[in-house]
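Number of protein chains: 2
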Amino acid sequence: METALQRAKELVGRMTLAEKCSQMRYNAPAIERLGVPAYNWWNEALHGVARAGAATVFPQAIGMAASFNAPLLHKVATAISDEARAKYNQYKRFGETKIYQGLTFWSPNINIFRDPRWGRGHETYGEDPYLTGRMGTAFVKGMQGDDPRYRKVDATLKHFAVHSGPEGLRHSFDARPTERDLRETYLWAFKYCVDHAKPAAVMGAYNRVNGEPACASQQLLQDILYGEWGFDGYVVSDCGAINDINAHHHVTETQAESSALAVRKGCALNCGSAYAALLAAVDAGLIDEETITHAVEKLFESRFKLGMFDEDCPYDSIPYDVVECDEHLSLSRRMAQESIVLLKNDGILPLKKEMNVAVIGPNADDHSVLLGNYNGTPSRDYTILRGIQDAAQGKVLYARGCHIFKDGVGDWEEHPLNEAIIAAQHSDVVVLCLGLNPSMEGEEEDAYNGDMSGDKSTLCLPKSQLKLFEALKELKTPIVLVNVTGSSVDLRPFVDDCRAVVQLFYPGAEGGNALADVLYGAVSPSGRLPITFYKGDEQLGEFTDYNMDGRTYRYMHEKPLYPFGYGLSYTNFAYENVTRTETEVRLTVRNTGSMDAWRSVLAFLRDGQEAGVNGRLAGFEKVFVPAGQAKEVRIELCPEVLALFREGADLELCLDTLD
Amino acid sequence: METALQRAKELVGRMTLAEKCSQMRYNAPAIERLGVPAYNWWNEALHGVARAGAATVFPQAIGMAASFNAPLLHKVATAISDEARAKYNQYKRFGETKIYQGLTFWSPNINIFRDPRWGRGHETYGEDPYLTGRMGTAFVKGMQGDDPRYRKVDATLKHFAVHSGPEGLRHSFDARPTERDLRETYLWAFKYCVDHAKPAAVMGAYNRVNGEPACASQQLLQDILYGEWGFDGYVVSDCGAINDINAHHHVTETQAESSALAVRKGCALNCGSAYAALLAAVDAGLIDEETITHAVEKLFESRFKLGMFDEDCPYDSIPYDVVECDEHLSLSRRMAQESIVLLKNDGILPLKKEMNVAVIGPNADDHSVLLGNYNGTPSRDYTILRGIQDAAQGKVLYARGCHIFKDGVGDWEEHPLNEAIIAAQHSDVVVLCLGLNPSMEGEEEDAYNGDMSGDKSTLCLPKSQLKLFEALKELKTPIVLVNVTGSSVDLRPFVDDCRAVVQLFYPGAEGGNALADVLYGAVSPSGRLPITFYKGDEQLGEFTDYNMDGRTYRYMHEKPLYPFGYGLSYTNFAYENVTRTETEVRLTVRNTGSMDAWRSVLAFLRDGQEAGVNGRLAGFEKVFVPAGQAKEVRIELCPEVLALFREGADLELCLDTLD
């Protein structure tokens with residue numbers, strides 16, 4: 009049987025140069041004489057099939073990272089690709105698929121969450137390369153499936169590389185990382201995923217790296233991705249990024265030059281319209297037809313692998329019924345449960361069901377915080393308020409309390425503060441839902457705060473929320489803080505006066521139910537922070553500085569408020585018989601408390617002699633341990649992490665967090 | 009015991025002129041030496057306590073009018089005033105009440121819905137003066153309570169008078185109705201409510217009437233309201249309306265002149281800040297202190313009647329628990345059920361529960377359409393989709409289908425149409441939820457459509473929705489159209505190709521449940537149109553023309569698509585033994601079908617000799633008739649309506665609609 013590449017070469021061999029060039033744009037037109045339907049390569053599925061109508065909306069990527077449960081993420085990605093195929097199977101019956109209705113997904117985002125102010129950080133798996141690599145691999149494999157002949161959908165690693173804000177500068181920024189940071193931080197998870205998951209595609213970033221536009225970089229694409237790593241897929245540009253090469257990076261002068269440069273460096277597909285100039289670029293001698301032919305062959309190899317030209321692809325029979333099926337909704341709820349991180353608990357949690365609860369705050373009944381960004385549309389969702397209402401047996405009072413960021417109240421506007429006080433006075437406990445929302449931390453165009461585009465200018469929560477808290481803490485009613493964000497914020501003003509603090513990353517459509525499951529003790533929280541919770545702005549360097557020194561748990565100089573890996577449980581665990589070899593850690597995890605619970609065990613390694621590095625996460629596993637029982641756990645130590653240490657170094661093992 | 013007015017005179021007698029003037033602004037400051045707390049007179053409760061946090065949100069006024077159930081509206085208003093008092097009892101403990109936290113409510117809006125393009129029409133009880141008068145009276149009495157000494161809350165009739173758009177011109181418009189239209193249409197319900205409900209207050213409109221600003225009108229306030237009608241309450245200006253007198257009507261030159269003029273004509277309270285100039289106006293000799301004193305006495309009479317200075321007001325003990333209590337939520341659901349108007353049904357309704365349903369359209373899962381405007385915040389709501397999901401036993405698929413008004417889809421935007429087709433293809437029936445939303449028909453500042461401010465430029469639904477419908481009607485799946493609007497729109501493009509058409513006025517927080525109750529036959533629909541559903545724009549005159557000729561069922565020249573009073577049932581009724589006297593109609597209403605149902609019986613009178621008038625609604629009653637049973641109904645014919653006919657005219661009785 010011919011390989012997909014052979015079939016692609018045969019097909020592309022019958023195309024004119026103009027036809028070939030046309031297929032290198034994301035909105036590839038039909039070539040009717042060759043039986044090639046129009047196809048739009050742009051599709052999104054960061055945490056569920058996105059922008060294609062109703063779909064199961066799983067927790068935002070940062071929340072799924074907090075689960076530290078790679079097998080569970082693999083199940084999630086399998087569910088997502090099932091829904092993607094089910095949708096495609098219907099959409100293709102219209103003769104062509106429009107944007108967001110195809111099979112080539114521009115997920116996951118495996119950039120390192122270098123700085124907590126980056127608005128798109130919640131799209132990532134956090135600040136650690138190994139965690140990112142593990143989760144990225146689980147996601148890509150779940151998306152792409154395991155059929156020997158066909159790929160279920162294409163997954164795309166993005167944004168390659170050294171991409172983490174500022175959003176406002178992304179079209180012209182030149183990131184100049186040290187060689188060590190480039191390899192240890194910015195490229196590490198990309199290589200891990202290329203090696204372990206064989207992703208179909210990689211997306212080039214907007215920015216330059218060491219002077220070269222990422223989508224047209226000799227170093228990144230030719231030397232490293234295709235050369236060193238032997239990547240065998242295709243590269244797609246970020247949207248409009250080819251035009252940026254001339255318009256904003258000023259590396260070239262025309263779209264023809266930009267396009268020729270990008271294709272020559274290995275970027276086969278253009279999101280945007282710059283490649284409309286490719287034909288002229290060939291005429292002008294800026295690029296030869298053979299290079300174009302090769303690029304188009306890689307693109308059609310992928311379409312053949314996806315079964316787009318075949319009748320026997322097993323994924324064609326996935327029925328529409330799987331979209332938002334009960335199994336997927338349960339999976340979303342479970343992933344949301346496991347994404348919740350308990351940061352403080354003086355024993356007030358779990359709540360007693362018969363308590364009267366005041367659910368207060370601008371995020372208590374907000375639908376947008378369930379969704380994060382790059383999201384689908386749930387046909388049913390559960391806000392925090394709704395989840396608590398459905399779980400509670402006592403009276404539930406709701407009060408918004410304040411605007412999420414607007415301080416002060418206009419003359420003719422509603423005054424929400426006193427209602428919050430009244431609600432608290434009439435309740436046994438306050439569940440206070442503060443934080444941000446996806447319009448406050450997002451992408452370039454999401455900017456609510458002007459010059460900062462989608463980025464945060466500070467880790468402080470808005471003053472409106474601080475004022476609400478100041479008023480509530482004066483009352484006698486105990487406060488459980490639920491901080492709903494996709495990133496680290498400054499929690500210092502709240503922690504001491506709250507009886508419990510829960511971190512809820514944008515939790516998906518089942519978010520309110522999952523939170524209620526945790527608040528009322530149907531499940532024990534088991535999430536761990538995939539990012540450092542800094543004390544505040546004073547622990548951050550310049551946002552534009554890509555030097556990792558002082559950033560993230562690996563390179564911080566000071567103590568944070570809550571470290572990477574932090575997360576409490578309702579039960580107690582003892583680690584027994586911890587042993588370590590070159591390649592693995594083994595231990596017995598004993599649940600010494602009274603509640604069944606999941607437990608992630610994190611294995612960090614530390615070389616006390618290595619300057620500037622506090623240690624590195626080298627392995628983790630998650631295990632379910634019923635109350636009073638024990639489980640044997642084997643944690644594989646990642647060879648690629650071990651390789652980062654000095655040869656022969658005397659490595660210290662730290663479990664769960666670096667001390 | 010001293011009367012409230014005596015106590016007011018005594019208190020006001022101790023005020024300085026400056027203090028008195030200060031009390032005539034809506035945000036009246038405290039007078040500490042006299043024990044008078046600050047009080048903000050501005051409060052809203054059009055269909056539930058509004059802008060004061062969580063509250064039971066009942067259907068929008070136009071929907072409550074469609075119930076033709078005045079006793080039920082009285083219950084609703086009683087629930088609203090219970091919640092208002094419960095909230096006030098808490099808010100006042102903070103020492104002062106802020107805007108929307110008091111007891112003086114600027115509801116109901118009893119303007120006549122003269123033209124379907126008026127954006128605020130859904131705040132009204134529709135196009136008929138008698139229906140408006142009956143519903144307004146039920147509302148005011150429910151709000152104000154029946155305590156012999158204390159008034160529960162103040163209700164305010166607005167906007168006095170001849171006020172129904174255009175929103176964009178409201179600050180400068182001069183309405184010049186004929187004397188007949190003034191009396192028969194624009195003032196009729198105001199007089200009816202003043203006579204029958206004794207409202208605490210009347211709000212002057214923004215516009216001029218016959219050249220005089222409504223808030224400072226000799227004719228409207230002095231001659232008619234206080235003079236002819238003997239109104240004994242206070243008049244408040246619409247917000248900013250006093251400043252309009254000089255700034256936009258150019259009737260005066262300064263705020264001092266405007267304020268003096270308004271107070272002299274009888275407008276005691278200023279929403280806005282113009283009355284800050286009152287003190288200067290006295291100095292300038294534009295108004296004397298005695299007139300001011302009298303106005304302030306009327307205001308404090310009201311505050312005394314509300315029990316604000318007493319300890320023994322029975323309403324002070326209404327507990328916070330009543331807010332959104334189960335009884336009120338049930339009442340909201342019932343009112344929403346009764347507000348639903350069935351316009352067409354070929355027998356497909358009620359739906360079988362086991363059917364697979366595609367719930368499609370931009371209003372299917374929209375929260376804002378539940379609320380209308382001047383609304384509170386439900387702590388739990390049910391969109392159409394949610395209501396159907398909770399009631400259905402078959403599979404429910406959701407697809408938005410199109411943007412509510414934006415035609416076309418941007419290059420990088422989601423394409424929602426094909427999903428709707430897929431959903432329809434996978435279902436037994438489509439529930440198609442089209443219409444408008446409160447940002448598309450609203451107040452001056454709600455304008456989504458530029459120059460039209462909150463008004464509609466056309467009765468046509470947006471092209472985006474027509475395209476969705478065109479695509480769906482080609483399929484085999486039967487369509488039930490749910491038109492969600494607060495006003496009449498052009499339904500002609502839809503009716504023939506839909507198996508059923510349901511009119512859902514903005515239905516409140518329980519709207520989705522109530523609609524599902526009707527769709528699945530838990531209750532039979534019993535609403536009737538409180539407005540004419542015109543065929544389309546060609547049946548409308550100039551929007552700015554306040555002549556009623558050709559407008560509404562009373563004066564139309566042509567046949568509409570659905571007449572005022574129209575509304576189908578799931579059961580059949582026979583009217584037997586209809587008899588009529590000078591003062592009443594009696595009949596037997598027999599339910600000859602197989603389903604218990606409510607039935608409104610409307611009694612119109614027509615004088616075949618009267619030029620230009622098709623007839624007038626003169627009475628209505630609503631009755632519950634179990635299947636197979638009959639009920640005797642007595643409909644009182646309103647003397648004030650009868651008085652509009654020629655003496656000795658030979659009046660014909662028409663039941664339910666004018667033929």
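These protein sequence lines map, in sequence, to chains A and B.
For the first sequence, our numbering assigns the number 9 to the initial residue and increments by one for each residue that follows.
For the second sequence, our numbering assigns the number 9 to the initial residue and increments by one for each residue that follows.
Just so it is clear, CB atoms sit at the ideal spot from N, CA and C, and this is done for glycine as well.
Bear in mind that the values here come from a model prediction, so they are computed numbers and not experimental data.
Roughly how many angstroms separate the alpha carbons of A/Tyr283 and A/Gly150, rounded to a whole number? One-based indexing of the first sequence puts residue 283 of chain A at position 275. One-based indexing of the first sequence puts residue 150 of chain A at position 142. Taking the straight line joining both Cα atoms gives about 32 Å.
So, does the CB of A/His434 fall closer than 9 Å to a CB anywhere in chain B? What you label residue 434 of chain A is simply residue 426 of the first sequence in a count that begins at 1. At a cut-off of 9 Å, the C-beta of A/His434 has a neighbouring C-beta in chain B.
Counting only beta-carbon atoms, is B/Arg408 nearer than 9 Å to chain A? For the purposes of this step, residue 408 of chain B is taken as residue 400 along the second sequence, with counting starting at 1. Judged by the 9 Å Cβ criterion, B/Arg408 is in contact with chain A.
Taking the alpha helix (DSSP H) that B/Asn426 belongs to, which residues open and close that run? Position 418 of the second sequence, counted from the first residue, corresponds to residue 426 of chain B. Taken as a continuous stretch (DSSP letters only), the alpha helix (DSSP H) holding B/Asn426 covers Leu425 to Gln433.
DSSP three-state call for A/Thr112: helix, strand or coil? Indexing the first sequence from 1 puts residue 112 of chain A at position 104. Strand at A/Thr112.
Per-residue contacts from B/His423 into chain A (C-beta, under 8 Å): Against the second sequence, residue 423 of chain B aligns to sequence position 415. Within 8 Å Cβ-Cβ: Lys106, Ile107, Tyr108 and Gln109.
Determine, using beta carbons only, whether A/Leu613 and A/Glu660 come nearer to each other than 9 Å. Translated into positions along the first sequence, residue 613 of chain A becomes position 605. Translated into positions along the first sequence, residue 660 of chain A becomes position 652. The Cβ atoms of A/Leu613 and A/Glu660 lie closer than 9 Å to each other.
Would you kindly report the start and end of the unbroken alpha helix (DSSP H) that includes B/Gly519? On the second sequence, residue 519 of chain B is found 511 positions in, with the first residue counted as 1. If you look at B/Gly519, you'll find it in the alpha helix (DSSP H) that goes Gly519 to Leu527.
Residues near A/Tyr528 in its chain [Cβ-Cβ closer than 7 Å; skip 5 each side]: As a first step, residue 528 of chain A is located in the first sequence; it is residue number 520 there, counting from the start. Hits under 7 Å: Pro358, Leu359, Lys361 and Ala399.
Any non-hydrogen atom of the ligand SAH closer than 8 Å to B/Ala651 Cβ: For the ligand SAH, the structure offers nothing, since it holds no ligand at all.
Please decide whether B/Gln98 counts as near chain A, where near means a Cβ-Cβ distance under 9 Å. Translated into the one-based positions of the second sequence, residue 98 of chain B becomes position 90. With 9 Å as the cut-off, B/Gln98 counts as an interface residue toward chain A.
What does A/Ala249 touch in chain B if you count any residue whose Cβ is under 8 Å from its own? By 1-based counting over the first sequence, the position of residue 249 of chain A is 241. In chain order: nothing, as chain B lies at least about 14 Å away.
Can you find a CB in chain A that lies within less than 9 Å of the CB of B/Ile430? The sequence position of residue 430 of chain B within the second sequence is 422, counting from 1. Yes, because at least one Cβ of chain A sits closer than 9 Å to the Cβ of B/Ile430.
Simplified DSSP assignment, three categories, for B/Arg7: It is not possible to answer for residue 7 of chain B, since the shown part of chain B is limited to 9 through 667.
4-residue-minimum alpha helix (DSSP H) runs that sit fully inside the segment 35-120 of chain B, ordered along the chain: The segment 35-120 of chain B contains these whole alpha helix (DSSP H) runs: 69-74 and 78-99.
Put A/Ala530 into one of helix, strand or coil per three-state DSSP. Your numbering for residue 530 of chain A matches position 522 in the first sequence. A/Ala530: coil per DSSP, three-state reduction.
Provide the residue span of the beta strand (DSSP E) that contains B/Gly627, from first to last. Position 619 of the second sequence, counted from the start, is the residue given in the question as residue 627 of chain B. Where B/Gly627 is concerned, the enclosing beta strand (DSSP E) starts and stops at Arg624 to Val633.
On the DSSP bridge assignment, give the partners of A/Gln547 in chain order. Here residue 547 of chain A corresponds to residue number 539 of the first sequence, with the count starting at 1. Beta-bridge pairing links A/Gln547 to no other residue.
CB-CB under 8 Å to B/Ser376, same chain, minus the five flanking residues each way: which ones, in chain order? The count along the second sequence starts at 1 and reaches residue 376 of chain B at position 368. Cβ neighbours of B/Ser376 beyond the five flanking positions: Asn445, Pro446 and Ser447.
Comparing alpha-carbon positions, which option in B/Leu228, B/Ala517, B/Glu135 and B/Ala264 lies nearest B/Leu337? Here residue 337 of chain B is taken as the residue at index 329 of the second sequence, counted from 1. Closest option to B/Leu337, Cα to Cα, is B/Ala517.
Can you pull the DSSP bridge partners for B/Asp162? Here residue 162 of chain B corresponds to residue number 154 of the second sequence, with the count starting at 1. Answer is B/Thr112.
Name, please, each residue of chain B whose Cβ falls closer than 8 Å to the Cβ of A/Ala46. To locate residue 46 of chain A, count along the first sequence from 1; it is residue 38. The premise fails here: A/Ala46 is roughly 13 Å from chain B at the closest Cβ pair, so nothing lies under 8 Å.
Cα-Cα separation between A/Ala431 and B/Gly219, rounded to whole angstroms: Residue 431 of chain A sits at position 423 when you count from the first residue of the first sequence. Residue 219 of chain B sits at position 211 when you count from the first residue of the second sequence. Taking the straight line joining both Cα atoms gives about 50 Å.
Any idea if B/Pro370 is buried or exposed, counting beta-carbon neighbours within 10 angstroms, 16 or more meaning buried? As a working mapping, residue 370 of chain B is identified with position 362 in the second sequence. With 16 or more other Cβ atoms within 10 Å, it is buried.
Verify whether the separation of the beta carbon atoms of A/Ser461 and A/Gly127 is less than 9 Å. Position 453 of the first sequence holds residue 461 of chain A. Position 119 of the first sequence holds residue 127 of chain A. Going by C-beta atoms, A/Ser461 is nearer than 9 Å to A/Gly127.
Mind checking A/Pro327: buried by the 16 CB within 10 Å criterion, or exposed? Working through the first sequence from its first residue, we reach residue 327 of chain A at position 319. Around the C-beta of A/Pro327, fewer than 16 other C-beta atoms lie within 10 Å, and the residue is accordingly described as exposed.
For B/Gln31 and B/Lys306, the rounded distance between their alpha carbons: Counted from its first residue, the second sequence places residue 306 of chain B at position 298. Counted from its first residue, the second sequence places residue 31 of chain B at position 23. About 11 Å.
Could you tell me which chain B residues have their CB closer than 7 Å to the CB of A/Gln226, listed as they occur along the chain? By 1-based counting over the first sequence, the position of residue 226 of chain A is 218. Chain B residues near A/Gln226: none, gap ~30 Å exceeds 7 Å.
Is the CB of A/Ala62 under 9 Å away from at least one CB in chain B? For the purposes of this step, residue 62 of chain A is taken as the residue at position 54 of the first sequence. Against chain B, the CB of A/Ala62 has a partner CB under 9 Å away; the residue lies at that interface.
Completely contained beta strand (DSSP E) runs for the segment 559-602 of chain B, where each covers 3 or more residues: For the segment 559-602 of chain B, whole beta strand (DSSP E) runs of length 3 or above, ordered along the chain, are 581-588 and 592-599.
Can you list the residues of chain B that A/Leu701 reaches, using a CB-CB cut of under 8 Å? Since the first and last residues shown for chain A are 9 and 667, residue 701 of chain A lies out of range.
Is the CB of A/Trp50 under 9 Å away from at least one CB in chain B? Within the first sequence, numbered from 1, the residue matching residue 50 of chain A stands at position 42. Between A/Trp50 and chain B, the shortest Cβ-Cβ separation is below 9 Å.
I'd like to know whether the C-beta atoms of A/Val290 and A/Cys29 end up nearer to each other than 9 Å. Looking up residue 290 of chain A in the first sequence gives position 282. Looking up residue 29 of chain A in the first sequence gives position 21. Cβ distance < 9 Å, so A/Val290 and A/Cys29 count as in contact.
Quick one: Cα of B/Val437 to Cα of A/Leu314, how far? As a first step, residue 437 of chain B is located in the second sequence; it is residue number 429 there, counting from the start. As a first step, residue 314 of chain A is located in the first sequence; it is residue number 306 there, counting from the start. Those two C-alpha atoms are separated by around 34 Å.
Exposure label - A/Pro322; buried when at least 16 CB within 10 Å: If you number the first sequence from 1, residue 322 of chain A lands on position 314. Counting Cβ neighbours within 10 Å, A/Pro322 comes out exposed, since fewer than 16 surround it.
Within 9 Å (strictly less), CB to CB, does B/Leu405 reach chain A? One-based indexing of the second sequence puts residue 405 of chain B at position 397. Yes, B/Leu405 lies at the interface with chain A (some Cβ there is under 9 Å from its Cβ).
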